[in-house]
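Residue numbers (this note's numbering), protein chains in the order written: chain A, 1 to 406; chain B, 1 to 406.
Backbone N, C-alpha and C fix where the C-beta goes; we use that ideal spot for every residue, glycine too.
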């Protein structure tokens, strides 16, 4: 069997008409001789509607019951899509996370996939059925319903592709991966081909289209990922191994910016690696995704620690640091909520030095203060005040040739 | 443990505010020392909304996928109700049909419960949790989602009560069982106590409040059933064994009328018991619920068969009789869609003769043609033209004292 796993996101299945159009796209693939497995998200605004129902009930819905509620969203989509396929004369069958025994960790709303039992999927494919699977959801060891959190449906798709030895196609509302989010940089270019590594960096920067977890999983199992538009036949972006066939190596492949983080700064922490470990361990225990970290020891033997975390985790950070303050009363801390994190990514950085210098010079020439910097082998990220975001994007986009040639 | 199973129907949980009110009602019961298991239906119009989504996709949705779709309705309610209970400081946990392994037969949309695994329910009750269960749904042996059809949630509640050895309370939007549907007979009286047998007859006549299957199951396992209003504290109706303590035995306990049936008449069928068996066997195989049957053999050795079935099954009946016509070309048949079926029910009929005569006289006095009659030990049903429905109800209601004393 030549299996392909296709994933359609919430905007792709936002209405019955769109679901019917998706059915046609699936049928086209199927008629090309592929055995098709489809992963879908909840329809458009369904998740928001369910969230607001929960909010009407209580300000802090119990996480287990929240997952019980949210998992209905994809279940609605899989049934409607299967009906659409069947009504068009094709054989199709839908499965929930529970039915496929998509085993996850226990943490509600942020669960991670441990394993998938593909026997029902394979049986159905051998029976010439199109298989439609609810993304974003699974069950823990006790058969409690769990959801996978952000990027969950992409992760479901890649995990299923990995288990089935299939390739994976992600259909979405944009035509592929761009050098920069086109909503932020109008002249951004579509990228034909990008390596897993670059895409992971881009994704971890919140470059919209693909979520980090899904790309990481694709990289781990070497699943070719193709990202394209649900609504057009334009060629999308292929995410795969860094090939040797790249004719010209660009230094910077893409850029991303995000307003979704906050910067937390803690001063006067007694200096010790133990304290550093404890602080970030506590954040990790609560699944708070710490991104940039800057750390300095003062002459007085105190630590200065600054880090960025998602805005949504602010309450957790405040609670954790509040507890530290009970232990060390001279700790001072502040949270900066108006920051923009700008990043440039490219395999070319490995061989081309001076990228950081070029960035710093551009900031300096324009009197933009850099509040924090981190670098990796193929990425440079820096934090500026949020009102500089647009200016920085334009400056850097032009400086590194990330815009389309008019 | 003193377990009570409470069931709240769709109108009782139609909005978040109503769900919160239901939570208060449950908490009251719990604080009286009961271990409470709650069965809920989908919120008010949810099922209709899901049905219309399916209709948008296709005119004839595949039954398995339809059940996949519909089961989300109760799942939404159980999560919201559990959240409400938890937010009010009580420990609660919700379960879907799949999670409790509510095993049913395979026929989608009309499945029947075979067994329920109550171990998770008992564990949760022992853990002092209020248990909230999705009604109307289960899984077949292959873990396909099934729905129980009309009266499904009541049946879920009674089945769970039977397995737990609990009593069962059905909360709904009326204050109990009435001698006649008050929407049809304004002066109808509420009944304090009614026997299983009478209630089964009333329910099988479509007397709204309780569905036949649920009462039948309650009777089988001798589960005391209490029917009352969600929205008031008025005393409801107790359904239980025919007691010996009834001070005065009423002849007729209640009356029902229905416009939901059609009358199918088949003429010129070759007379044989085999043919009768085959015809009704074919209807039974399709789960068509034949109610009244009238049958006569003509002098020419042909059969005349007339029967009533639910309006919704008209297409099935037409197909089956169409096939008969292929075999016996001189068969004639007609379907009368404008009939009203009127019934009176009462244990008192056993000892009081002349009920039928009284009915026939009332019809005759008013020039109302009786198109069909069937009688059982405690029931008389007859069919009249649908436009006589209201007139017959008033006549018979007064004749048998089914109206409240002003």
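Any chain B beta carbon closer than 7 Å to residue i
i              : result
residue 248(A) : Summary for residue 248(A): the model assigns pLDDT 49, below 50, so the residue's position carries little reliability, and this model does not support an answer.
residue 68(A)  : yes
residue 80(A)  : yes
residue 126(A) : no
residue 109(A) : no
residue 102(A) : no
residue 310(A) : no
residue 87(A)  : yes
residue 384(A) : no
residue 75(A)  : yes
residue 8(A)   : no
Residue i at chain A interface by Cβ criterion, 7 Å
i              : result
residue 65(B)  : yes
residue 84(B)  : yes
residue 99(B)  : yes
residue 118(B) : no
residue 72(B)  : yes
residue 230(B) : no
residue 270(B) : no
residue 234(B) : no
residue 288(B) : no
Rounded C-alpha distance that separates residue i from residue j
i              : j              : result
residue 248(B) : residue 400(B) : Only weak support is given to the placement of residue 248(B): the predicted model assigns it a pLDDT of 49, under 50, and the question is left unresolved by the model.
residue 360(A) : residue 111(A) : 39 Å
residue 172(A) : residue 6(A)   : 11 Å
residue 190(A) : residue 343(A) : 17 Å
residue 422(B) : residue 124(A) : Beyond the ends of chain B as shown, which are 1 and 406, falls residue 422(B); an answer cannot be given.
residue 129(B) : residue 17(B)  : 22 Å
residue 175(B) : residue 227(B) : 7 Å
residue 407(B) : residue 271(B) : Outside the displayed range of chain B (1 to 406) lies residue 407(B), so it cannot be described from this structure.
residue 65(A)  : residue 95(B)  : 10 Å
residue 229(A) : residue 193(A) : 15 Å
residue 277(B) : residue 177(B) : 36 Å
residue 317(B) : residue 337(B) : 13 Å
residue 393(B) : residue 209(B) : 18 Å
residue 14(B)  : residue 46(B)  : 8 Å
residue 238(A) : residue 50(B)  : 37 Å
residue 436(A) : residue 22(A)  : Chain A is shown only over 1 to 406; residue 436(A) falls outside these bounds and no answer can be derived.
residue 121(A) : residue 90(A)  : 16 Å
residue 43(B)  : residue 98(B)  : 19 Å
residue 241(B) : residue 222(B) : 8 Å
residue 335(B) : residue 231(B) : 42 Å
residue 126(A) : residue 27(A)  : 17 Å
residue 255(B) : residue 236(B) : 18 Å
Short Cβ contact (7 Å threshold) for residue i with residue j
i              : j              : result
residue 372(A) : residue 292(A) : yes
residue 253(A) : residue 354(A) : no
residue 140(B) : residue 195(B) : no
residue 137(B) : residue 74(B)  : yes
residue 324(A) : residue 314(A) : no
residue 395(B) : residue 362(B) : yes
residue 145(A) : residue 68(A)  : yes
residue 273(B) : residue 306(B) : no
residue 205(A) : residue 386(A) : no
residue 290(A) : residue 283(A) : yes
residue 168(B) : residue 225(B) : yes
Assumed close pair residue i, residue j - CB separation to whole angstroms, cut-off 8 Å
i              : j              : result
residue 131(B) : residue 93(B)  : 6 Å
residue 321(B) : residue 262(B) : Going by Cβ atoms, the distance from residue 321(B) to residue 262(B) rounds to 12 Å, so no, they are not a contact pair.
residue 3(A)   : residue 166(A) : 4 Å
residue 36(A)  : residue 30(A)  : 5 Å
Residue i at chain E interface by Cβ criterion, 7 Å
i              : result
residue 224(B) : Of the protein chains in the structure, A and B, none is chain E.
Determine contact between the stretch 385-401 of chain A and the stretch 148-159 of chain B, defined as no fewer than three beta-carbon pairs at a distance below 8 Å. As far as the Cβ criterion goes, the stretch 385-401 of chain A does not touch the stretch 148-159 of chain B, which means the pair count is below three.
Decide yes or no for the touch test of the stretch 84-91 of chain A against the stretch 51-69 of chain A: beta carbon pairs closer than 8 Å, at least 3 of them. The answer is no - the stretch 51-69 of chain A does not touch the stretch 84-91 of chain A, with fewer than three Cβ pairs under 8 Å.
Does the stretch 99-106 of chain B touch the stretch 71-80 of chain A, meaning 3 or more C-beta pairs lie closer than 8 Å? The stretch 71-80 of chain A, when compared against the stretch 99-106 of chain B, does not touch it at the 8 Å Cβ threshold.
Specify whether the stretch 159-173 of chain B and the stretch 108-124 of chain B touch according to this definition: at least 3 beta carbon pairs, one from each stretch, less than 8 Å apart. The answer is yes - the stretch 108-124 of chain B touches the stretch 159-173 of chain B, with three or more Cβ pairs under 8 Å.
Do the stretch 362-371 of chain B and the stretch 134-154 of chain B meet, that is, are 3 or more Cβ pairs less than 8 Å apart? These segments do not touch.
Any 3 or more C-beta pairs closer than 8 Å across the stretch 378-395 of chain A and the stretch 331-343 of chain A: A contact exists between the stretch 378-395 of chain A and the stretch 331-343 of chain A.
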